[in-house]
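Colleague:
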Amino acid sequence: MSSISQKNIAIVGVGGIGTYILRALVNTNQANVIALTRSTLVHPRHHHFLHLPSHENQQPVPHKTLPPDLSSVPLIEADYTSVPALTAIFKKHNTEIVISTVPTTGLHAQYTLADAAKASGTVQLFVPSEWGLPTAGANHRGEDNHFGTKDAFVAHLRTLGLPYTRFFTGFFFGYLPWLVGIDTNHTVNAIGKGETPFSVTSEEDIGGFVAHVLTTLPSSSPHLKNRCLRLQGDRITMRDLARIYHKPFELVPEGDEVPAKTPEEAAVKTFMQIEADAGMASTGWDRLNEKERGDAGSANQLWEGHVWKRVEDSL
C-alpha cells in the first residue's frame with residue numbers, strides 16, 4: 002500500500018489511547034497533526050457536556066501537556082461546546098480528518114465536534130470515539146449505556162452526511178489486569194466459566210494501525226468511508242489470562258461482582274465481564290442480531306506484513 006500526500010489531522014483528546022495514536026501519526030512522517038484539548042476554563046452551563054460538578058463561577062481545568070517526544074505537535078485549547086470556535090480551528094489548519102478519543106464521560110461533546118467538522122468544509126472523515134467493543138446496532142436496540150450512546154452519535158454523523166470510520170478494537174492489553182481484579186486480590190476473577198473467547202489488541206498496535214490506514218489510504222477509500230474496522234491482536238479467554246499472568250483463577254459466585262477497589266469500579270468490571278462471557282467482547286460480534294459474525298480481526302489485513310502483538314508478548 003503506497004503512501005499518499007500528507008494529511009492534515011486533528012486529534013481530540015490526548016490522554017490514554019489518544020497518545021498512542023498521536024505518537025504513531027507523528028512517526029509516519031505522513032501527517033500534519035494538531036492536538037485539541039478542552040479549554041482551561043469551563044462555564045457552568047456547559048457541565049452537561051463534560052460531566053463536571055456545578056458551581057457558581059468558572060472552574061479551572063488542569064492544563065494538559067504532551068509527552069516530551071510529542072512536544073513538536075501543536076496543542077490547541079478549544080471550547081468543545083462552541084461550533085464556531087471549533088470550525089475556525091478546523092478551517093485554519095485545513096483539517097481533513099478528525100479523530101475523537103474523548104472518554105466515555107465526554108461523549109456528548111462529539112456532537113459539537115461533528116457539527117463543526119461539517120461546517121468547516123475541509124473535514125472529509127470523522128473518526129468517532131469507539132476504541133473498544135462493537136457498538137453497531139446498540140442504538141437500534143435501545144440500549145441505555147455507553148454502547149447506545151456511541152452508536153447514536155454515528156446516526157448523527159449519517160444525518161450530517163459526514164463520512165466516518167469506526168475502530169472496534171476489543172479490550173486494550175493494559176486494561177486486562179484491572180478488568181479481572183488482579184489489582185484488588187492478585188487473582189483472575191471471572192464471571193461465568195471464563196471460557197468464552199474475546200478480542201484484545203495492544204495500545205501500540207491500535208495506534209499504529211490507525212495511523213497506517215489513515216495516512217496510506219485516501220479519506221474517500223471504500224476501506225474507510227462509513228466502515229466499521231474490526232481489529233484483533235489476540236483472542237483469549239479469562240482462563241488464558243490466569244495462565245499468562247501466572248495468577249490463581251477463581252469464578253465469581255453468581256450474583257456477586259468482580260472484586261474492585263470501589264463500588265463503581267466493581268459495577269464496571271462486572272458489566273464488561275458479563276459482556277465478554279456472552280461473546281459480545283469479540284470484535285466479530287453482531288450487536289443488532291446478537292450473534293458472532295466470524296470476522297473478528299478482518300481489518301488486520303489492511304496493515305500488510307505487520308506482526309500483531311499477543312498478550313504473552315507484552316509481559
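In the working numbering, the protein residues as written are 2 to 316.
Just so you know, even glycine gets a beta-carbon here, dropped at the ideal spot from N, CA and C.
Small disclaimer: the values here were computed from a predicted structure and weren't measured.
#1: Look up L242 in the DSSP assignment and say whether it is helix, strand or coil.
#2: Less than 6 Å between C-beta atoms, sequence neighbours within five positions excluded: which residues of the same chain meet that for P235?
#3: Contact between the segment 211-228 and the segment 178-198: three or more CB pairs below 8 Å?
#4: Identify whether D257 lies in helix, strand or coil by the three-state DSSP scheme.
#5: Per the DSSP calculation, S200 is bridged to which residue(s)?
#6: Considering E276, what are the terminal residues of the alpha helix (DSSP H) in which it resides?
#7: Please classify Q274: is it buried, with 16 or more other beta-carbons within 10 angstroms of its beta-carbon, or exposed?
#8: For V211, does the three-state DSSP call read helix, strand or coil?
#9: On the CB-based measure, 16 or more other CB atoms within 10 Å of its CB, does A118 come out buried or exposed?
#10: From S130, S221, V253 and D278, pick the residue whose C-alpha is nearest to that of K8; which is it?
#11: Tell me the DSSP secondary structure of A25 in three-state form.
#12: Below 8 Å, can you find three or more Cβ-Cβ pairs linking the segment 120-132 to the segment 156-173?
#13: Can you tell me whether G195 is buried or exposed, with buried defined as 16 or more other CB within 10 angstroms of its CB?
Modeller: Let me lay it out:
#1: For the purposes of this step, residue 242 is taken as the residue at position 241 of the sequence shown. L242 sits in a helix when the DSSP states are folded into three classes.
#2: Mapped onto the sequence shown, residue 235 falls at position 234. Reading off the sequence, residue 235 comes out as Asp, not Pro. So the qualifying residues of the chain are V201, R311 and V312.
#3: Segments in contact, no.
#4: On the sequence shown, position 256 is the one that residue 257 refers to. Of the three classes helix, strand and coil, the one that applies to D257 here is coil, per DSSP.
#5: Against the sequence shown, residue 200 aligns to sequence position 199. Answer is R236, bridged to S200.
#6: For the purposes of this step, residue 276 is identified with residue 275 of the sequence shown, where counting begins at 1. Membership of E276 in the alpha helix (DSSP H) is indicated by the continuous run P264 to D278.
#7: Position 273 of the sequence shown, counted from the first residue, corresponds to residue 274. Taking all protein chains in view, the Cβ of Q274 is crowded by 16 or more other Cβ atoms within 10 Å, so the residue is classified as buried.
#8: The residue given as residue 211 occupies position 210 in the sequence shown. Note: V211 maps to helix in three-state DSSP.
#9: As a first step, residue 118 must be located in the sequence shown, where it is residue number 117. A residue is called buried when at least 16 other Cβ atoms come within 10 angstroms of its Cβ; A118 meets this threshold and is buried.
#10: Here residue 8 refers to the residue found at position 7 of the sequence shown. Answer by Cα proximity: S221.
#11: Locating residue 25 in the sequence shown gives position 24, counting from the first residue. The answer is helix: DSSP assigns A25 an H, G or I state.
#12: Touching, yes.
#13: Looking up residue 195 in the sequence shown gives position 194. With 16 or more other Cβ atoms within 10 Å, it is buried.
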